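Engineer: Heads up: the protein sequence lines correspond to chains A and B, in order. So for the first sequence, the working numbering puts the first residue at 1; every next one is plus one. So for the second sequence, the working numbering puts the first residue at 1001; every next one is plus one. All C-beta atoms in this analysis are idealised placements derived from N, C-alpha and C, irrespective of residue type, glycine included. Keep in mind the model is a prediction, meaning the values are calculated, not measured.
There are 2 protein chains.
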Amino acid sequence: MTLDRSLIAGLPAFAGLDGPGRDAVLARAQSSRFPKDSEVFSQGAEAASFFLLLAGHIRVVRTSPEGHQVIARYINEGELFGIAVAMGRSTYPASAVAAVDCVVLTWPNAAWSDLQARVPSFAASAYQTIGSRLQETQAQVMEMSTQQVEQRIAHALLRIVSQSGRKTDQGIEIDFPITRQDIAEMTGTTLHTVSRLLSAWEDEGLVKGGRQRVVVTDPHGLMVVAENRRRK
Amino acid sequence: MTLDRSLIAGLPAFAGLDGPGRDAVLARAQSSRFPKDSEVFSQGAEAASFFLLLAGHIRVVRTSPEGHQVIARYINEGELFGIAVAMGRSTYPASAVAAVDCVVLTWPNAAWSDLQARVPSFAASAYQTIGSRLQETQAQVMEMSTQQVEQRIAHALLRIVSQSGRKTDQGIEIDFPITRQDIAEMTGTTLHTVSRLLSAWEDEGLVKGGRQRVVVTDPHGLMVVAENRRRK
DNA sequence: ACTGCTGTTTGCGCCAGAGCAAACTGCCGC
DNA sequence: GCGGCAGTTTGCTCTGGCGCAAACAGCAGT
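#1: With the cut-off set at 8 Å, would you say residue 1103 of chain B and residue 1054 of chain B are in Cβ contact?
#2: Residue 181 of chain A and residue 191 of chain A - do their beta-carbons sit closer together than 8 Å?
#3: Under the rule that 16 or more other beta-carbon atoms within 10 Å means buried, what is residue 211 of chain A, buried or exposed?
#4: If you drop the 5 nearest sequence neighbours on each side, which residues of the same chain put their C-beta closer than 6 Å to that of residue 123 of chain A?
#5: On the criterion of 16 or more Cβ atoms from any shown chain inside 10 Å, does residue 45 of chain A qualify as buried, or is it exposed?
#6: Under three-state DSSP, which class holds residue 1170 of chain B?
#7: So residue 1017 of chain B is in the alpha helix (DSSP H); what residue range does that whole segment cover?
#8: Under DSSP, the alpha helix (DSSP H) around residue 1163 of chain B begins and ends at which residues?
#9: Buried or exposed for residue 1173 of chain B, please, with buried defined as at least 16 other CB atoms from any protein chain shown within 10 angstroms of its CB.
#10: So with CB distances below 7 Å, who are the chain B contacts of residue 188 of chain A?
#11: Taking C-beta to C-beta, are residue 71 of chain A and residue 85 of chain A nearer than 8 Å?
#12: Decide if residue 1126 of chain B is buried, meaning its Cβ has at least 16 other Cβ atoms within 10 Å, or exposed.
#13: For residue 1194 of chain B, name the three-state secondary structure that DSSP assigns.
#14: In the stretch 11-27 of chain A, which residues sit with their C-beta less than 9 Å from some C-beta in chain B, listed in chain order?
#15: Would residue 1087 of chain B pass as an interface residue toward chain A - the criterion being a Cβ-Cβ separation below 8 Å?
#16: Residues of chain B with CB under 7 Å from residue 262 of chain A, in chain order?
#17: Hey, how far is the Cα of residue 1207 of chain B from the Cα of residue 1225 of chain B?
#18: Listing by chain order, which chain A residues have their CB less than 8 Å from the CB of residue 1068 of chain B?
#19: Helix, strand or coil for residue 1078 of chain B? Go by DSSP, reduced to three states.
#20: In angstroms, rounded to a whole number, what distance separates the CA positions of residue 38 of chain A and residue 80 of chain A?
#21: Which residues does DSSP list as the beta-bridge partners of residue 1039 of chain B?
#22: Using 8 Å for Cβ pairs, my map puts residue 1144 of chain B next to residue 1188 of chain B. What's the rounded Cβ distance?
#23: Under a three-way DSSP split, which group does residue 90 of chain A fall into?
#24: Less than 7 Å between the CB of residue 1201 of chain B and some heavy atom of the ligand SAH, yes or no?
#25: Relative to the C-alpha of residue 220 of chain A, which candidate in A:154, A:203, A:7 has its C-alpha closest?
#26: Using only alpha-carbon positions, find the residue among A:92, A:105, A:75 that is nearest to residue 7 of chain A.
#27: Helix, strand or coil for residue 58 of chain A? Go by DSSP, reduced to three states.
#28: Show which residues of chain B have a CB atom less than 9 Å away from the CB atom of residue 128 of chain A.
#29: With a cut-off of 8 Å, does the C-beta of residue 1131 of chain B fall near any C-beta of chain A?
#30: Just grab the DSSP bridge partners of residue 51 of chain A for me.
#31: By Cβ distance below 8 Å, which residues in the same chain neighbour residue 130 of chain A in space, the five residues on each side in sequence not counted?
#32: Could you check if residue 1057 of chain B is buried or exposed, using at least 16 other CB atoms within 10 Å of its CB as the buried criterion?
#33: On the three-state DSSP scale, how would you describe residue 34 of chain A?
#34: Under 7 Å between beta-carbons, which chain A residues line up against residue 1124 of chain B? List them in chain order, please.
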């Protein structure tokens, strides 16, 4: 199957790129499906390709030598990921797991320098992606240093919801399956604490929980929790 | 004063660059001194330049809206910093403060795209710098999620010492002034806890403390602490 | 409908480490 | 040589949230 330039027409990574430019980018890409829970690439593996998520949601997971897992971020549709080549790395620093069935564009690393030269705006967009991830990660360090678990979880939920929220009549729902354990691994806490807090928030009418489901019913109220300016 | 190409001859950022190439890079740079405790740039300020540290040590500090400070990293001699332009950012995400008297090379942002085109290895080195900082920061998030304060502080000390250590007859000394408070802000804890642990380690003969001074007398022993495999 | 599995909730005890307070000390400037 | 201050040490108390354990509930497969 040949890739159509309309596939990537709306993506920020290709903004300001004309039709032929898009064709040039796509010429070296390959599209493939990844079923839920399969790995797109694996931490520590030789980085041979870089990727763009066309459809679905991907979880980026780091595992420590002792076996602890941490979720570094979720990748949304239209985002580049696994761009080790742009950072001059030869292995992937984390694993990428499909949170739902996904469609992914794959380029061989060899295409990178070529694309960089011929389509400079593509490379610039990649560097900006890395820059904003550095930014986000540093913000996370700050959060973990200065804020309590309750604020951190509230922030994490608001972040996910704003990036991958789907409006329903109940409120805004995270549109991929996410467990309490996942939320714990994003915020550096335990599933027990996450469960307790979500239950408490449910009683206050801020969120609604379910099996692998979270719906934020009162984003503004949750924001108040996140900023730690609660009543009393 | 004109800049001599020998200034940057040994730096990794300019490895694989010939003499004229180095001249081209230096032509647009300006050298200046920053006295101890002065700011090279300020968090949130318009990013107009990028920098390279020729001599000294620089502390990169982020301040939260509530006034909490976190030390993101220390910059060593020969490193690029404040390269917001390479990430497509228009403001500095943190402040840079001279930990000792420093000598800094400054380029206007306008020089970036020019240098990138004419001296590709320079740009590549910058991107690699950003990549490894992202890497480090993510590692820090993992540490904060999974390890205890004692291990985190031990790791932080070992990291500083390996990057900015100076050998003395006592052991390896951090060769810039660093307070317990600074160490606390690097590891997300309090100066009290840092002080207690350093005192304990001093009793065990692992380190030697002093006013704004830390000497690691037994790096291997400290490593054992960092890996959390202590006797008993 | 039954069974098993995976994810969730909740109770209880405990402790690492934060917060507060106070005393101490090396060093710099006058 | 003498304050005075910035940085450090140390004691005590209190608590957020972790660890453990057990019960519970939605969902998939047979």
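Structural biologist: By the coordinates alone:
#1: Sequence index remark: in the second sequence, residue 1103 of chain B carries index 103 (1-based). Sequence index remark: in the second sequence, residue 1054 of chain B carries index 54 (1-based). Pairing residue 1103 of chain B with residue 1054 of chain B gives a Cβ-Cβ distance under 8 Å.
#2: Your numbering for residue 191 of chain A matches position 191 in the first sequence. Your numbering for residue 181 of chain A matches position 181 in the first sequence. Between residue 191 of chain A and residue 181 of chain A, the C-beta gap is smaller than 8 Å, which places the two residues in contact.
#3: Locating residue 211 of chain A in the first sequence gives position 211, where the first residue counts as 1. Answer is exposed; the Cβ neighbour count stays below 16.
#4: For the purposes of this step, residue 123 of chain A is identified with residue 123 of the first sequence, where counting begins at 1. Excluding sequence positions up to five before and after residue 123 of chain A, its CB lies within less than 6 Å of the CB of 116, all in the same chain and listed in chain order.
#5: Numbered from 1 along the first sequence, position 45 holds the residue referred to as residue 45 of chain A. Exposed.
#6: In the second sequence, residue 1170 of chain B corresponds to position 170, counting from 1. In this structure, DSSP gives residue 1170 of chain B a state outside helix and strand, which the three-state scheme calls coil.
#7: Along the second sequence, one-based indexing puts residue 1017 of chain B at 17. Annotation for residue 1017 of chain B: no alpha helix (DSSP H) segment contains it, and DSSP assigns it neither H nor E.
#8: Residue mapping note: residue 1163 of chain B aligns to position 163 of the second sequence, counting from 1. It spans 1149-1164 - the alpha helix (DSSP H) in which residue 1163 of chain B sits, taken as one unbroken run.
#9: On the second sequence, position 173 is the one that residue 1173 of chain B refers to. Buried is the call here.
#10: As a position in the first sequence, residue 188 of chain A is number 188, starting the count at 1. Correct list: 1144, 1145.
#11: If you number the first sequence from 1, residue 71 of chain A lands on position 71. If you number the first sequence from 1, residue 85 of chain A lands on position 85. It is not a contact, given that the beta carbons lie outside the stated cut-off.
#12: The count along the second sequence starts at 1 and reaches residue 1126 of chain B at position 126. The residue in question, residue 1126 of chain B, is buried, as its Cβ has 16 or more Cβ neighbours within 10 Å.
#13: Residue numbering aside, residue 1194 of chain B sits at position 194 when the second sequence is read from its first letter. Note: residue 1194 of chain B maps to helix in three-state DSSP.
#14: Under the 9 Å Cβ criterion, the stretch 11-27 of chain A contributes no residue.
#15: For the purposes of this step, residue 1087 of chain B is identified with residue 87 of the second sequence, where counting begins at 1. Any Cβ of chain A closer than 8 Å to the Cβ of residue 1087 of chain B would place that residue at the interface, and such an atom is present.
#16: Outside the displayed range of chain A (1 to 232) lies residue 262 of chain A, so it cannot be described from this structure.
#17: Here residue 1207 of chain B corresponds to residue number 207 of the second sequence, with the count starting at 1. Here residue 1225 of chain B corresponds to residue number 225 of the second sequence, with the count starting at 1. Just so you know, the alpha carbons of residue 1207 of chain B and residue 1225 of chain B end up roughly 12 Å apart.
#18: Position 68 of the second sequence, counting from 1, holds the residue named residue 1068 of chain B. Under the 8 Å cutoff, chain A gives 142, 145, 146.
#19: As a working note, residue 1078 of chain B is residue 78 in the second sequence. In this structure, residue 1078 of chain B counts as coil in the three-state DSSP scheme.
#20: Looking up residue 38 of chain A in the first sequence gives position 38. Looking up residue 80 of chain A in the first sequence gives position 80. Residue 38 of chain A and residue 80 of chain A: Cα-Cα distance of roughly 18 Å.
#21: Taking the first residue of the second sequence as position 1, residue 1039 of chain B is located at position 39. BP columns for residue 1039 of chain B point to B:1097.
#22: To locate residue 1144 of chain B, count along the second sequence from 1; it is residue 144. To locate residue 1188 of chain B, count along the second sequence from 1; it is residue 188. At roughly 6 Å, the Cβ-Cβ gap stays under 8 Å, so residue 1144 of chain B and residue 1188 of chain B are in contact.
#23: Numbered from its first residue, the first sequence carries residue 90 of chain A at position 90. It is coil, neither helix nor strand.
#24: Absent from the structure shown: the ligand SAH. Ligands present: none.
#25: Residue mapping note: residue 220 of chain A aligns to position 220 of the first sequence, counting from 1. When each option's Cα is compared against that of residue 220 of chain A, the closest is A:154.
#26: Against the first sequence, residue 7 of chain A aligns to sequence position 7. Comparing C-alpha distances from residue 7 of chain A to each of A:92, A:105, A:75 shows the shortest one belongs to A:105.
#27: In the first sequence, the residue the question calls residue 58 of chain A occupies position 58. Of the three classes helix, strand and coil, the one that applies to residue 58 of chain A here is strand, per DSSP.
#28: Locating residue 128 of chain A in the first sequence gives position 128, where the first residue counts as 1. For residue 128 of chain A, the residues of chain B that pass the 9 Å Cβ criterion are 1087, 1088, 1089, in the order they occur in the chain.
#29: Here the question's residue 1131 of chain B lines up with position 131 in the second sequence. Taking Cβ atoms only, chain A reaches closer than 8 Å to residue 1131 of chain B, which makes this a yes.
#30: Position 51 of the first sequence, counting from 1, holds the residue named residue 51 of chain A. Within the DSSP bridge table, the entry for residue 51 of chain A names A:81, A:106 as partners.
#31: Walking along the first sequence from the start, residue 130 of chain A turns up at place 130. Here the set comprises 83, 86, 87.
#32: Your numbering for residue 1057 of chain B matches position 57 in the second sequence. Buried: at least 16 other Cβ atoms inside 10 Å.
#33: Stepping through the first sequence from its first residue, residue 34 of chain A is reached at position 34. Residue 34 of chain A: strand per DSSP, three-state reduction.
#34: Indexing the second sequence from 1 puts residue 1124 of chain B at position 124. Taking the beta carbon of residue 1124 of chain B as reference, the chain A residues within 7 Å of it are 88, listed in sequence order.
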